[in-house]
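Converting from the sequence shown to this note's numbering requires adding 221 to each position, the first position being numbered 1.
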Amino acid sequence: MRLAGKRAIVTGAASGIGRASAILFASEGASVLAVDLAEEGLEGTRREIERLGAKCLIRRADASDEDVVRELVAAAKRDLGGLEVCYANAGISGGFVPLLELTAGDWERVLRVNLIGPFLAIKHAAPLMRDAGGGSIVCTASVAGLRSGAGGSAYSASKAGVISLVQTAANQLSGSNVRVNAICPGLIETGMTRPIFELARERGSDKKLGQLNPLKRAGQPVEIARMALFLASDEASYVNGQAFAVDGGLSSSHPFVPGRIA
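So, in structure tokens, the structure goes:
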């Protein structure tokens, strides 16, 4: 059991990567506090975890609200007995609105969820972990934070910010034994990307999804959850301040698209 006896918070846990991670953490021995705004999805996550015989608490909450995050960390201490793992995974896409058509409000909404949320998770989880001897904080970034063209401008900027945030946090938490890392997923079939997949299936072009990466396919949430599990576990005890692309190799090169070059 790679997380035996550990207590974990997972945000964005009602579906997709968050749900897969919460379930995988529980299957490896963790007690989980699952957080999301989608209460029905959270109930589904709890049922799956309880089928494993593991403990799962759920909270319908906004992970970008500081008072809420402060209370979530307090709840982990009070109701789970502590906190060794925090996976700040909640995020939104913001759509593919052209940069010059974005409003400041559009931009702020995406950054609040995608960047301020992870900042708050680190700010409030790290002291509890530090005082208890250490822990692991994982944040979901994106390949869109590594290279342009993989997401909308606000989304890409927010995810680039997450990568910088984990590097900064790892250094500022020096000596605390609190590790902070990021995962940069490629194209993964989740609730957030479902419209892309559904449209492709309607058009009969679903086999083209993921064709720009060397593995020639899209990824599944559990494939990101496995990386989150590694980073959360003691197996990653010397891994800190890093951003790992889990993208089928998409970020390893500049993909050649036939017909795009004369």
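In this text, a Cβ means the ideal position worked out from N, Cα and C, and glycines have one as well.
None of the values given here were measured: they were computed from a predicted structure.
Presumed contact (8 Å Cβ cut-off) between residue i and residue j, rounded CB distance
i, j, result
"M350", "V399", "5 Å"
"L394", "P339", "Not confirmed; about 14 Å, so no contact."
"A234", "A255", "4 Å"
"S379", "L341", "Not really, about 14 Å apart at Cβ, beyond 8 Å."
"I238", "N310", "6 Å"
"L321", "A466", "Contact flag wrong, Cβ pair sits at about 29 Å."
"G407", "V364", "5 Å"
"E249", "R223", "4 Å"
Counted within 10 angstroms of its Cβ, other Cβ atoms place residue i as buried (16 or more) or exposed
i, result
"C277", "buried"
"T361", "buried"
"A483", "Confidence at A483 is low in this model, with a pLDDT of 44, below 50, so its placement is unreliable and the value that follows should be read with caution. The residue in question, A483, is exposed, as its Cβ has fewer than 16 Cβ neighbours within 10 Å."
"S369", "exposed"
"A346", "buried"
"T232", "buried"
"A251", "buried"
"T324", "exposed"
"N434", "buried"
"R240", "buried"
"A453", "buried"
"D468", "buried"
"A275", "buried"
"D257", "buried"
"L293", "buried"
Start and end residues, beta strand (DSSP E) containing residue i
i, result
"L254", "S252 to D257"
Paired residues, beta bridge with residue i - DSSP
i, result
"L278", "L254"
"P406", "V467"
"G356", "V399"
"Y308", "V231 and V359"
"G440", "I409"
Endpoints, alpha helix (DSSP H) assigned at residue i
i, result
"N335", "Neither: N335 is in no alpha helix (DSSP H) and is coded neither H nor E."
"Y376", "S374 to Q393"
"G262", "E260 to R272"
"D288", "E287 to A296"
"S248", "G237 to S248"
contact_flag[the stretch 308-328, the stretch 371-387] where n(CB pairs < 8 Å) is 3 or more: yes
Inter-stretch contact (C-beta, 8 Å, three-pair minimum) for the stretch 449-467 and the stretch 244-263: yes
Inter-stretch contact at 8 Å, needing at least 3 Cβ pairs: the stretch 325-336 / the stretch 300-308: At 8 Å Cβ cutoff, the stretches do not touch.
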